[in-house]
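One point on numbering: in numbering that gives the first Met the number 0, the residue at position 639 of the sequence shown is 638, and numbering is uninterrupted.
Beta carbons: idealized from backbone N, C-alpha and C, even for Gly.
Source: prediction; values computed, not measured.
The next block holds one structure in the form of structure tokens; read it before the comments.
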Amino acid sequence: MHGLLRRLFAPRWQHPDPEVRRQALQRLNPEQAEQRQALQSLTQDSDSQIRLAALLALDDCVGLVDAYPHHQQDEAWFNAICQRLSGREGHTDLHQRQTLVEQIEEPRVLSAVALQGDNLNLRLTALSKLNDENDLIHQACHNGVAAVRHQAAERIEDEEGLKRLLKEARRDRQVVRLARERLNRLRSDAQWLEAEEQQRETLLNQLEQHARAPWEPLYGGRFRHLERQWEQLTQPPSVEQEQRFHQALLACRKTLHDHETQEQARQQSDERREEAENTREQLLEGIEETLDGLRHASAMTVQDIDSLRAQRQLLGQRWQALSDIHPPSETMRQRYTLAIQHYDQCLEAWQRWCSVSTDIETALTGGDHATLATLISECQWPEALTPPALLGRAKAALNAENTAPSQPKPTEDNVTLEAHGAELDTFEHLLERGAFKSASRLHQRLKQRIEALESPAAQPLKTRLKHLAARLAELRDWRGFVAGPKREQLCESIETLANDLHMEEEALDRHHRQLVKEWKALGDAAANREQSARFRNASDRIHERLAPWRDQLSEERETNLQAREALCDQLESLLAQPAEDADPDVLRQIRDKARHQWRHYSPVPRERSEAVGRRFGTIRHQLQALIDQRAETIAAQKRDLISQVSALRSDTSQPLAQRIHLTKQLQQQWRALGRAPKGEEQTLWKTFRHECDQLFAQRDAHKNEQAARQQQQLDEMQTLIDAMDSWQPIEASESATLERFIEQANQLEPLPRNRRSDGMQKRMSGIVRARRERLNRLAVANTVQQWHSIMPLVNAHLAADQRYLSEGTPSDVEAQTVLGSSLPTAFNEAHNARNQQRHSVAVPLSDADRARIADSLARLRVHLSMLAVGSVRQSDEPLRLAIQVERLNEGFNQERSRDQEVIDILIALLALGPMPATLWDAEVEELDNLLSRLARVPLP
Numbered sequence: 000m001h002g003l004l005r006r007l008f009a010p011r012w013q014h015p016d017p018e019v020r021r022q023a024l025q026r027l028n029p030e031q032a033e034q035r036q037a038l039q040s041l042t043q044d045s046d047s048q049i050r051l052a053a054l055l056a057l058d059d060c061v062g063l064v065d066a067y068p069h070h071q072q073d074e075a076w077f078n079a080i081c082q083r084l085s086g087r088e089g090h091t092d093l094h095q096r097q098t099l100v101e102q103i104e105e106p107r108v109l110s111a112v113a114l115q116g117d118n119l120n121l122r123l124t125a126l127s128k129l130n131d132e133n134d135l136i137h138q139a140c141h142n143g144v145a146a147v148r149h150q151a152a153e154r155i156e157d158e159e160g161l162k163r164l165l166k167e168a169r170r171d172r173q174v175v176r177l178a179r180e181r182l183n184r185l186r187s188d189a190q191w192l193e194a195e196e197q198q199r200e201t202l203l204n205q206l207e208q209h210a211r212a213p214w215e216p217l218y219g220g221r222f223r224h225l226e227r228q229w230e231q232l233t234q235p236p237s238v239e240q241e242q243r244f245h246q247a248l249l250a251c252r253k254t255l256h257d258h259e260t261q262e263q264a265r266q267q268s269d270e271r272r273e274e275a276e277n278t279r280e281q282l283l284e285g286i287e288e289t290l291d292g293l294r295h296a297s298a299m300t301v302q303d304i305d306s307l308r309a310q311r312q313l314l315g316q317r318w319q320a321l322s323d324i325h326p327p328s329e330t331m332r333q334r335y336t337l338a339i340q341h342y343d344q345c346l347e348a349w350q351r352w353c354s355v356s357t358d359i360e361t362a363l364t365g366g367d368h369a370t371l372a373t374l375i376s377e378c379q380w381p382e383a384l385t386p387p388a389l390l391g392r393a394k395a396a397l398n399a400e401n402t403a404p405s406q407p408k409p410t411e412d413n414v415t416l417e418a419h420g421a422e423l424d425t426f427e428h429l430l431e432r433g434a435f436k437s438a439s440r441l442h443q444r445l446k447q448r449i450e451a452l453e454s455p456a457a458q459p460l461k462t463r464l465k466h467l468a469a470r471l472a473e474l475r476d477w478r479g480f481v482a483g484p485k486r487e488q489l490c491e492s493i494e495t496l497a498n499d500l501h502m503e504e505e506a507l508d509r510h511h512r513q514l515v516k517e518w519k520a521l522g523d524a525a526a527n528r529e530q531s532a533r534f535r536n537a538s539d540r541i542h543e544r545l546a547p548w549r550d551q552l553s554e555e556r557e558t559n560l561q562a563r564e565a566l567c568d569q570l571e572s573l574l575a576q577p578a579e580d581a582d583p584d585v586l587r588q589i590r591d592k593a594r595h596q597w598r599h600y601s602p603v604p605r606e607r608s609e610a611v612g613r614r615f616g617t618i619r620h621q622l623q624a625l626i627d628q629r630a631e632t633i634a635a636q637k638r639d640l641i642s643q644v645s646a647l648r649s650d651t652s653q654p655l656a657q658r659i660h661l662t663k664q665l666q667q668q669w670r671a672l673g674r675a676p677k678g679e680e681q682t683l684w685k686t687f688r689h690e691c692d693q694l695f696a697q698r699d700a701h702k703n704e705q706a707a708r709q710q711q712q713l714d715e716m717q718t719l720i721d722a723m724d725s726w727q728p729i730e731a732s733e734s735a736t737l738e739r740f741i742e743q744a745n746q747l748e749p750l751p752r753n754r755r756s757d758g759m760q761k762r763m764s765g766i767v768r769a770r771r772e773r774l775n776r777l778a779v780a781n782t783v784q785q786w787h788s789i790m791p792l793v794n795a796h797l798a799a800d801q802r803y804l805s806e807g808t809p810s811d812v813e814a815q816t817v818l819g820s821s822l823p824t825a826f827n828e829a830h831n832a833r834n835q836q837r838h839s840v841a842v843p844l845s846d847a848d849r850a851r852i853a854d855s856l857a858r859l860r861v862h863l864s865m866l867a868v869g870s871v872r873q874s875d876e877p878l879r880l881a882i883q884v885e886r887l888n889e890g891f892n893q894e895r896s897r898d899q900e901v902i903d904i905l906i907a908l909l910a911l912g913p914m915p916a917t918l919w920d921a922e923v924e925e926l927d928n929l930l931s932r933l934a935r936v937p938l939p
């Protein structure tokens with residue numbers, strides 16, 4: 000009972016039935032407080048439609064927006080929120096609506112507000128919330144405000160979206176232009192990225208190829224050029240490309256480092272060679288000075304011969320050791336050979352003298368001058384050498400015996416005085432150099448000769464000799480003053496060395512040799528028996544200790560000697576049968592490896608080192624001559640390649656592409672050849688590269704010229720396409736203009752094959768197809784207009800047909816009389832055939848004739864429907880199929896245009912008769928509708 004009373008006396012808006020609450024809600028006035036409170040209560044109703052109506056009645060746009068996420072699928076809610084936010088309904092102010100739009104994320108609502116908003120800022124706010132590209136394209140194509148369309152078009156960045164926008168946006172040329180420019184920019188950026196990637200890949204390939212190439216004079220410059228080109232690329236490389244770049248970079252730097260190392264080794268080798276040359280020069284000067292001293296000494300003694308032998312032994316050892324490292328020059332070898340010859344002459348003369356010296360002394364003592372002369376003749380002492388004292392006395396005795404006692408003593412002439420003066424100059428020069436031994440021997444010889452002079456002119460020479468003798472004595476004192484402590488120091492050093500039992504044998508031998516060398520260098524300065532005995536005893540102890548090591552060293556030297564001889568045998572067999580196409584680089588490697596092995600097989604026995612050294616030097620000279628010969632042959636081949644490239648560069652009769660191909664083949668031949676002589680290789684390479692660069696510059700110029708022509712061709716085609724795009728035919732007679740456009744396009748073809756030309760051809764094909772379609776439509780419209788112009792004639796024929804069918808009396812229709820002008824040529828034959836039908840067809844019409852006319856009329860209607868609409872009624876499908884088969888059969892012979900088909904249909908329609916009125920009235924309305932459709936021409 001209580002619930003019943005509540006339902007009876009409760010307000011209608013609280014009724015359980017939603018329909019009752021909806022009706023009550025429509026009567027509530029939000030201006031009154033109680034009813035407004037009721038409406039607010041209904042905003043929480045369980046029925047969504049009632050909640051929507053309550054929010055709309057309260058004009059609560061905020062509540063509507065807050066509740067919309069729960070009713071997004073309800074079209075009523077969608078339409079309501081779109082109307083309220085767009086400002087078409089309600090009284091919510093613009094600022095609040097913009098704030099609410101900024102809170103909404105649902106794309107449908109935002110798109111609708113952007114399309115229907117009553118304010119530009121409101122539309123732009125909604126547009127800014129849209130992110131889907133399809134929504135932006137829809138706004139750019141169909142929004143009614145240009146600013147919104149442009150803003151939406153500017154936010155489209157995807158290439159496919161821009162293509163779609165360019166295809167659909169036809170109402171706003173600025174949007175089309177913006178889309179085209181951005182699409183071209185994207186394509187240009189894509190082409191730039193592709194070109195950048197291609198350039199990076201090309202640089203990588205060049206750098207990797209450069210890393211595999213051997214060093215050449217321009218290796219470092221080309222490497223730095225490639226590295227700068229890589230750094231100038233703005234697009235970052237991929238991880239794989241970065242790894243490949245660093246690997247190639249390390250390989251190139253390794254090649255440069257290896258070359259620098261080889262260059263440093265070569266410089267060091269040159270320095271060692273120069274040092275060896277200086278050492279050889281000093282050794283040769285020493286033995287030459289000794290031999291010269293023997294020629295100018297007062298008398299030759301045993302000590303002089305022993306000193307000469309020791310110096311010759313030292314010279315042979317040092318000379319061979321230096322020759323093993325660096326071969327001497329030809330001049331130095333000749334000087335060495337001449338010095339050895341003089342030494343051998345001196346030693347042979349001394350040996351002959353030793354064999355007869357005892358007999359000469361006996362003969363001289365006994366006064367046997369005949370025997371003495373015979374022995375002196377057997378001795379054969381050279382005139383250039385100073386004889387021993389005994390030999391000099393013997394010769395003097397013979398001269399005294401042969402000289403007459405009454406012969407006056409010759410006086411000194413000026414030539415003798417000048418010769419003695421020159422010898423005094425030499426004596427002074429030796430003193431200045433500190434050459435004590437040579438100066439002492441020369442002083443002894445000059446003292447006897449100058450003191451024997453008796454003329455007054457010789458007095459200055461005697462005075463000068465005394466001054467120089469005083470300087471010689473001073474030099475002797477200084478040598479003794481310096482040599483005394485030095486000898487004591489050497490004795491202590493060699494005794495310490497002999498007592499050192501832990502030093503290695505090699506170091507011990509080296510230090511011992513150095514001390515012995517320094518001891519011998521002192522000569523007889525400050526010499527005494529006690530120090531000599533101390534030095535000799537310590538040296539003998541060292542010799543005893545080094546005896547086993549020296550035996551082992553002798554075996555090693557013998558092994559090294561055999562290895563050197565085997566190396567010489569191998570090189571001689573190589574030189575005996577050299578290959579005709581031997582690569583000089585390989586020969587250089589053989590030479591360098593042979594030199595390295597020769598140095599490795601060291602030391603060798605001293606007594607045989609000189610012979611094998613001369614043998615190896617001869618082999619090296621022969622090998623170097625072979626290398627020079629092969630290098631000169633390669634240089635000639637490279638000069639021939641240069642002349643071929645030069646001929647190709649100036650040969651304009653061959654195509655440039657073929658000349659470039661031949662030049663690349665010549666470059667491969669250049670790489671296959673070895674190196675020319677050292678001083679000529681770089682000059683030949685620069686000349687060859689200059690010729691190739693000149694030819695490649697012609698290729699680049701040709702490519703640039705061709706690219707410019709292609710670009711101009713594309714620009715002209717683009718201008719022509721734009722002109723075709725902006726041209727819209729208005730008359731059917733403008734088909735000649737289209738043909739002129741097509742002829743101009745054919746003259747610009749063929750276009751270069753790229754993406755731009757493909758796009759141009761596709762666009763041009765579409766434009767030509769569209770313009771032909773429009774011209775065809777205009778021609779059809781003109782044909783229909785001609786039909787409308789002869790409709791009085793058609794009606795006259797229909798009236799004549801009706802009179803003939805009803806009265807049986809045929810009559811002809813005059814076109815000139817009916818139309819007042821001449822009939823179009825296409826309809827003359829049909830007009831005459833229509834008149835003839837009334838004379839040939841019997842009346843009344845038979846069922847067969849009536850069916851034939853009806854079928855022909857229906858067939859023409861179906862054919863016209865296929866041309867105008869493209870479809871027919873279901874009942875007309877058999878006729879459509881038959882017509883389609885006929886059209887296909889006719890199409891094999893010749894292609895018919897749409898205009899020609901319409902003309903044929905209208906001619907057949909005019910010629911069809913006599914036409915019963917019932918049949919005509921049944922089809923005429925549809926025929927008029929179809930012709931009206933065909934007469935419609937779309938706007939340009």
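For residue 484, name the three-state secondary structure that DSSP assigns. Three-state DSSP puts residue 484 in a helix.
Is it the case that the region 274-284 contacts the region 250-263, given that we only count it when at least three CB pairs across the two stretches are under 8 angstroms? No: the two stretches stay apart, fewer than three of their Cβ pairs being nearer than 8 angstroms.
Reference residue 161, options 868, 873, 178 and 917, closest by Cα: Among 868, 873, 178 and 917, the Cα nearest to that of residue 161 is on 178.
If residue 633 sits next to residue 674, beta carbons under 8 angstroms apart, how far is it from one beta carbon to the other, in whole angstroms? Between residue 674 and residue 633 the Cβ distance is about 7 angstroms, and since that is below 8 angstroms, they are a contact.
Nearest neighbour of residue 935, chosen from 789, 784, 796 and 819 [CA to CA]: Nearest C-alpha to residue 935 among 789, 784, 796 and 819: 784.
Which value, in whole angstroms, describes the spacing of the CA atoms of residue 581 and residue 226? About 36 angstroms.
Please confirm whether residue 110 and residue 129 have their CB atoms less than 8 angstroms apart. Going by C-beta atoms, residue 110 is nearer than 8 angstroms to residue 129.
Residue burial classification, residue 191 (beta-carbon count within 10 angstroms, cutoff 16): Flag for residue 191 reads exposed.
At 4 residues or longer, and completely inside the region 168-233: list those alpha helix (DSSP H) runs for me, N to C. List check, alpha helix (DSSP H) in window: 172-211 and 218-231.
For residue 338, is the classification buried or exposed, using 16 other Cβ atoms within 10 angstroms of its Cβ as the cut-off for buried? Residue 338 should be labelled buried.
Endpoints, the alpha helix (DSSP H) within which residue 820 is located: Annotation for residue 820: no alpha helix (DSSP H) segment contains it, and DSSP assigns it neither H nor E.
Would you mind working out which of 204, 73 and 901 sits nearest residue 865, comparing C-alpha positions? For residue 865, the nearest C-alpha among the options comes from 901.
Nearest to residue 735 by CA position, among 880, 751 and 770, is which residue? Of the listed residues, the one whose Cα sits closest to residue 735 is 770.
Same chain, Cβ closer than 6 angstroms to residue 394, five either side skipped, listed in chain order: Hits under 6 angstroms: none found.
Just to confirm my understanding: we take residue 777, look at its own chain, exclude 5 residues before and 5 after, and list those with CB closer than 7 angstroms. What are they? Excluding sequence neighbours, residue 777 sits near 728, 730, 731 and 936.
Answer with buried or exposed for residue 677, where buried requires no fewer than 16 other C-beta atoms within 10 angstroms of its C-beta. Taking every protein chain shown into account, the CB of residue 677 has fewer than 16 other CB atoms within 10 angstroms, so this residue is exposed.
For residue 903, which option in 859, 89 and 933 has the closest C-alpha, if you only look at C-alpha atoms? Residue nearest to residue 903 within the set 859, 89 and 933 is 859 (criterion: CA-CA distance).
Tell me whether residue 583 sits in a helix, a strand or coil according to DSSP, three-state version. Residue 583 carries a helical assignment under DSSP once its states are collapsed to helix, strand and coil.
For a minimum of 4 consecutive residues, which ranges assigned as the alpha helix (DSSP H) are wholly contained in the region 135-171? Whole alpha helix (DSSP H) segments, 4+ residues: 145-153 and 158-167.
Using a Cβ-Cβ distance under 8 angstroms, would residue 864 count as near chain B? No chain B is present in this structure, which holds just one protein chain.
Taking the alpha-carbon of residue 819 as reference, which of 353, 838 and 790 has the nearest alpha-carbon? For residue 819, the nearest C-alpha among the options comes from 790.
Can you tell which of 607, 595, 588 and 702 has its C-alpha closest to the C-alpha of residue 626? For the residues 607, 595, 588 and 702, the minimum Cα distance to residue 626 belongs to 588.
What are the boundary residues of the alpha helix (DSSP H) that includes residue 323? It spans 301-324 - the alpha helix (DSSP H) in which residue 323 sits, taken as one unbroken run.
Contact under 8 angstroms by Cβ, residue 209 with residue 221: In contact: residue 209 and residue 221 (Cβ atoms closer than 8 angstroms).
Using the C-alpha atoms, what's the distance from residue 434 back to residue 521? When only Cα atoms are considered, residue 521 and residue 434 end up about 12 angstroms apart.
The region 867-881 in contact with the region 833-847 per 3-pair CB rule at 8 angstroms: No contact exists between the region 867-881 and the region 833-847.
If you reduce the DSSP assignment to three classes, tell me which class residue 285 lands in. Helix at residue 285.
Could you name the residues of the same chain whose beta carbon sits closer than 6 angstroms to that of residue 737, not counting the 5 residues immediately before and after it, in chain order? When the five nearest sequence neighbours on each side are left out, the beta carbons in the same chain lying within less than 6 angstroms of the beta carbon of residue 737 are those of 770, in order along the chain.
Whose CA, out of 151, 566 and 707, lies closest to the CA of residue 599? Closest option to residue 599, Cα to Cα, is 566.
Ordered along the chain, which non-local residues of its own chain (more than five positions away) have a Cβ less than 7 angstroms from that of residue 407? Below a pLDDT of 50, predicted positions are generally treated as unreliable, and residue 407, at 42, falls in that range; the measurement from the model is reported next regardless. If we look at residue 407 and ignore the five residues flanking it on each side, it has no Cβ neighbours.
For the structure I just gave you, are there three or more beta carbon pairs, one from the region 324-334 and one from the region 298-308, closer than 8 angstroms? Not touching, per the Cβ criterion.
Going straight from the alpha carbon of residue 564 to that of residue 605, what length do you get? Separation of residue 564 and residue 605 (C-alpha to C-alpha, rounded to the nearest whole angstrom) is 15 angstroms.
According to DSSP, is residue 235 part of a helix, a strand, or is it coil? In the structure shown, the three-state DSSP call for residue 235 is coil.
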